[in-house]
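K.L.:
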Amino acid sequence: MAGLFDAIKTQYQNNQNEFTKEWIHIELIDSAKNQLLASDKTVAEIAYQLGFEYTNYFTRLGIV
């Protein structure tokens with residue numbers, strides 16, 4: 023029974039980690055959208071500020 027509990031616990035932790043990563047990603051994208059609409063910053067400036075390595079990521083997501 024302990025093995026089953028450990029397996030469920032591990033799966034739960036993995037799901038929580040994925041949810042947290044997805045939530046952070048969504049927040050970063052929303053921030054990028056808002057900054058693009060409300061500021062004079064370039065796409066490159068916003069991408070760099072938010073930790074994105076490549077600006078073409080915004081193009082792939084349809085932001086730019």
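All letters in the sequence shown, in the order written, are residues 23 to 86 by the working numbering.
For glycine and all other residues, C-beta sits at the position ideal for the given N, C-alpha and C.
Below 8 Å between beta carbons: does that hold for Ile51 and Leu83?
P.N.:
yes
K.L.:
Do you know offhand how far Glu75's Cα is from Ala69's?
P.N.:
7 Å
K.L.:
Going by the beta-carbon positions, is the gap between Thr77 and Ala60 smaller than 8 Å?
P.N.:
no
K.L.:
Once you ignore the five residues that flank Leu72 on each side, which residues in its own chain have a CB closer than 7 Å to its CB?
P.N.:
Leu50, Ser53, Ala54
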